[in-house]
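First the structure, in the form of structure tokens, and then the observations on it.
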Amino acid sequence: MASEDEAIDEACNSYDAVIIGAGVSGMYQLHRLRELGMTALVLEAGTGVGGTWYWNRYPGARFDSESYTYGYSWSSELLAEWDWKERFSPQPENLRYLEFVADKFDLRRDMRFDSRVTAAAYDEEQNCWNVETEDGFRVRATFLITAIGALSVPVLPKIDGIDDFRGPSFHTSHWPKEEVDFTGRRIAVIGTGATAVQLIPEVAKTAGHLTIFQRTPNWCAPLHNGPIERAEMDDIKTRYEEIFETCNSTFAGFEHVPDRRKALEVSHEDRWALWEKLWAEPGFGIWMANFRDVLVNEEANALMSEFAASKIRERVHDQAIAEKLIPTNHGFGTRRVPMETNYYEVYNQDNVELVDLRETPIEAVTETGIRTSDGERPFDLIIYATGFDAVTGAFERIDIRGVDGVELRNVWADGPRTYLGLQIAGFPNLFTLVGPNNAATFCNMPRCIEQNVDWVTDLLGHLRENGLTRAEPTEQAMDDWGEHVVTSGERMLFTKVNSWFTGVNTNIEGHEQRRFLLYAAGLPTYREKADEVVANRYHGFALS
Ligand code: NAP
Numbered sequence: 085m086a087s088e089d090e091a092i093d094e095a096c097n098s099y100d101a102v103i104i105g106a107g108v109s110g111m112y113q114l115h116r117l118r119e120l121g122m123t124a125l126v127l128e129a130g131t132g133v134g135g136t137w138y139w140n141r142y143p144g145a146r147f148d149s150e151s152y153t154y155g156y157s158w159s160s161e162l163l164a165e166w167d168w169k170e171r172f173s174p175q176p177e178n179l180r181y182l183e184f185v186a187d188k189f190d191l192r193r194d195m196r197f198d199s200r201v202t203a204a205a206y207d208e209e210q211n212c213w214n215v216e217t218e219d220g221f222r223v224r225a226t227f228l229i230t231a232i233g234a235l236s237v238p239v240l241p242k243i244d245g246i247d248d249f250r251g252p253s254f255h256t257s258h259w260p261k262e263e264v265d266f267t268g269r270r271i272a273v274i275g276t277g278a279t280a281v282q283l284i285p286e287v288a289k290t291a292g293h294l295t296i297f298q299r300t301p302n303w304c305a306p307l308h309n310g311p312i313e314r315a316e317m318d319d320i321k322t323r324y325e326e327i328f329e330t331c332n333s334t335f336a337g338f339e340h341v342p343d344r345r346k347a348l349e350v351s352h353e354d355r356w357a358l359w360e361k362l363w364a365e366p367g368f369g370i371w372m373a374n375f376r377d378v379l380v381n382e383e384a385n386a387l388m389s390e391f392a393a394s395k396i397r398e399r400v401h402d403q404a405i406a407e408k409l410i411p412t413n414h415g416f417g418t419r420r421v422p423m424e425t426n427y428y429e430v431y432n433q434d435n436v437e438l439v440d441l442r443e444t445p446i447e448a449v450t451e452t453g454i455r456t457s458d459g460e461r462p463f464d465l466i467i468y469a470t471g472f473d474a475v476t477g478a479f480e481r482i483d484i485r486g487v488d489g490v491e492l493r494n495v496w497a498d499g500p501r502t503y504l505g506l507q508i509a510g511f512p513n514l515f516t517l518v519g520p521n522n523a524a525t526f527c528n529m530p531r532c533i534e535q536n537v538d539w540v541t542d543l544l545g546h547l548r549e550n551g552l553t554r555a556e557p558t559e560q561a562m563d564d565w566g567e568h569v570v571t572s573g574e575r576m577l578f579t580k581v582n583s584w585f586t587g588v589n590t591n592i593e594g595h596e597q598r599r600f601l602l603y604a605a606g607l608p609t610y611r612e613k614a615d616e617v618v619a620n621r622y623h624g625f626a627l628s
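Encoded structure:
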């Protein structure tokens with residue numbers, strides 16, 4: 085860990101770079117900067133490494149990506165040493181993996197924990213960033229790299245009386261480190277997104293009574309998790325190169341390759357045959373390996389939705405409840421598909437109740453429970469699985485100021501503007517890994533993160549080789565990128581639906597309208613564009 089005296093050195097380059105966040109991106113970025121011979125300090129709000137896998141400790145939390153496609157690809161030693169035990173590895177194991185990486189590459193010695201960054205200001209004269217944490221620690225560096233994640237700011241619902249409840253209550257992303265016992269207790273879960281859908285079957289196993297408050301049903305699909313036996317893991321190790329190559333060639337970095345046919349061009353029998361096959365297979369195939377028109381053509385999408393609805397009706401005994409669980413305001417895959425293990429079966433249990441908030445909205449949280457329009461239900465524990473201030477939220481929580489003290493919050497007030505999702509005009513030497521309009525926002529994260537980190541590292545290497553110290557995109561480059569983002573994304577049906585993909589969050593003032601937060605042209609196109617910029621001598625950047 086860096087000493088304070090060392091860090092408060094008056095010279096700008098106490099460090100070449102400060103990295104905010106010690107999750108999957110921050111850890112790899114630190115490793116790459118060291119390779120470049122640069123000094124870097126990672127500032128992390130938590131008490132350990134892991135980011136997403138440090139914070140999200142709720143029971144049931146696990147990868148929705150095949151474990152062996154999620155791990156880092158950049159160290160053959162690491163690939164050889166680590167064995168994934170489950171196809172979709174659970175959170176405790178994922179955190180152990182990241183801790184193993186931190187140990188193996190001795191990453192912690194350049195990390196400062198318990199260090200939530202509150203402000204970062206660019207000093208034009210010195211060409212350096214002044215960074216400050218909640219506990220008053222200050223550090224200066226030439227480059228500032230944010231590795232703060234797209235889903236790292238949990239949001240509680242805007243409900244009257246939320247502070248009045250006398251029992252324990254927490255957001256899934258602030259799950260306590262000690263075990264939470266559900267046995268015999270009356271438990272409320274608010275929300276039915278990907279988090280809740282992982283959590284609910286675990287709570288339902290032992291809860292005395294579980295009440296699920298659903299505002300909008302989602303189209304969920306079976307995960308089909310299972311063990312990875314020794315022989316299979318050994319085989320995976322011989323195929324890593326091929327696996328990562330496949331991931332890097334697909335739209336969102338998964339090993340699921342889309343079917344080249346269109347749903348509307350094949351017979352009903354052929355359509356259902358593919359859907360039955362994908363439904364029975366592990367992972368995101370049903371979303372990512374589907375017919376190529378399902379996520380872009382409303383008619384094809386409606387047929388797919390019909391198929392998914394039939395699966396829900398098969399699994400839920402009470403057909404009135406099944407109908408409540410079937411989405412009616414958006415088609416299959418136009419919001420993030422929650423991957424589930426016995427989720428629908430939970431609603432067949434006697435100790436589980438579904439409250440449809442479209443019929444009986446929540447009026448208030450009370451001292452002892454939750455009151456909806458049809459009365460009050462008492463609870464011992466309330467769990468908020470109500471999502472995040474996605475993509476831009478973590479940036480808005482830091483007072484980031486660029487040239488002339490201009491605030492990033494103001495620059496992005498009408499929606500984010502970036503170049504490649506990695507840099508912003510007026511904010512020289514600030515690099516935003518997994519930033520808005522970056523392919524990493526819609527991706528098997530590590531596959532896109534590695535691309536981001538490698539690209540930024542190459543640029544920093546280029547600056548160094550050429551005796552340069554400042555990189556900033558032009559306004560024109562940002563405009564062009566913004567247009568590419570919008571035009572290439574428009575065809576995707578999800579851009580017409582409210583969800584975190586489109587930046588809508590009813591719990592946050594000013595986030596009622598859709599904004600374009602993601603990059604929906606896919607990883608291969610993104611990579612091609614980013615490589616083109618390099619080939620054209622960092623076209624769109626002013627380097628000096
Ligand atoms: P989310 O998808 O945004 O879901 C939040 C849920 O809370 C929604 O059902 C929402 O209803 C409900 N909600 C919010 N405010 C409410 C209110 N005031 N009253 C009632 N209900 C309210 O959040 P999430 O489930 O945490 O998932 C976020 C993202 O994290 C996922 O899409 C995924 O990308 C990622 N994630 C990944 C994994 C994984 O990879 N293994 C696991 C979990 C999550 P509405 O739909 O009506 O707004």
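Numbering-wise (the working numbering), the sequence shown opens with residue 85 and increments by one.
Think of the CB as a built atom: it goes at the ideal place given N, C-alpha and C, for glycine as much as any other residue.
Just so you know, these numbers come straight off a predicted model, no measurement behind them.
Non-local C-beta neighbours of Ile-410 in its own chain, meaning closer than 7 angstroms and more than five positions away in sequence, comprise Pro-301, Ala-393 and Ile-396, ordered along the chain. Burial state of Lys-169 is exposed, judged by a 10 Å Cβ sphere holding fewer than 16 other Cβ atoms. Ligand 1 has no heavy atom closer than 8 angstroms to the beta-carbon of Ile-396. No heavy atom of ligand 1 is found nearer than 8 angstroms to the CB of Arg-575. Annotation for Lys-408 indicates a beta carbon at 8 angstroms or more from all heavy atoms of ligand 1.
Rounded to the nearest whole angstrom, the C-alpha separation of Ser-98 and Val-617 is 30 angstroms. Where Asn-214 is concerned, the enclosing beta strand (DSSP E) starts and stops at 212-217.
In the structure shown, Thr-295 adopts extended strand secondary structure according to DSSP, grouped into three states.
Ala-106 is positioned such that its CB atom lies closer than 9 angstroms to that of Phe-197.
DSSP places Asp-440 outside any alpha helix (DSSP H); the residue lies instead in the beta strand (DSSP E), whose first and last residues are 436-440. Taking Thr-476 as the centre and dropping the five residues before and after it, the same chain places the C-beta of Trp-496, Pro-500, Pro-520 and Leu-601 closer than 7 angstroms to its C-beta, in chain order.
Separation of the CB atoms of Asp-377 and Lys-346 is rounded to 4 angstroms, and the pair is thereby assigned contact status at 8 angstroms.
Set against 8 angstroms, the gap from the CB of Ala-278 to the closest heavy atom of ligand 1 is smaller.
By the criterion of at least three beta-carbon pairs nearer than 8 angstroms, the stretch 236-248 is in contact with the stretch 590-600. Arg-493 and Ile-484 have their C-alpha atoms roughly 8 angstroms apart. In the DSSP assignment, Phe-227 forms a beta bridge with Ala-101. Classified as exposed, Gly-220 has fewer than 16 neighbouring CB atoms from the shown chains inside 10 Å of its CB.
In the displayed model, Met-423 falls within a strand according to three-state DSSP. In the DSSP annotation of this structure, the continuous segment of the beta strand (DSSP E) that includes Ile-446 starts and ends at 446-449. Per DSSP, Glu-398 is not a residue of any beta strand (DSSP E); the alpha helix (DSSP H) it occupies stretches across 382-399. Per DSSP, Thr-586 lies in no beta strand (DSSP E) and is assigned neither H nor E. Judged by their CB atoms, Gly-367 and Glu-150 are nearer to each other than the 9 angstroms cut-off.
Residue burial is scored here from C-beta neighbours: Val-185 has at least 16 other C-beta atoms within 10 angstroms and is therefore classed as buried. DSSP, read as helix, strand or coil, puts Ala-474 in coil.
The C-beta of Lys-408 has 16 or more other C-beta atoms within 10 Å across all chains shown, which makes the residue buried. Gln-535 and Arg-611 have their C-alpha atoms some 7 angstroms from each other. The beta carbons of Arg-461 and Ile-467 sit no closer together than 9 angstroms. Note on geometry: alpha-carbon atoms of Glu-353 and Leu-307 lie some 24 angstroms from one another.
By the CB criterion at 9 angstroms, Val-449 and Tyr-428 fall outside the cutoff. Arg-419 is positioned such that its CB atom lies closer than 9 angstroms to that of Trp-303.
When DSSP states are grouped into helix, strand and coil, Pro-252 belongs to the coil group.
Just so you know, the alpha carbons of Thr-579 and Ile-370 end up roughly 20 angstroms apart.
In this structure, Thr-590 has its beta carbon less than 8 angstroms from a heavy atom of ligand 1. With contact defined as three or more Cβ pairs closer than 8 angstroms, the stretch 224-232 and the stretch 512-528 are in contact.
By the 16-neighbour rule on beta-carbons within 10 angstroms, Thr-279 is buried. Around the CB of Leu-348, fewer than 16 other CB atoms lie within 10 Å, so the residue is classed as exposed.
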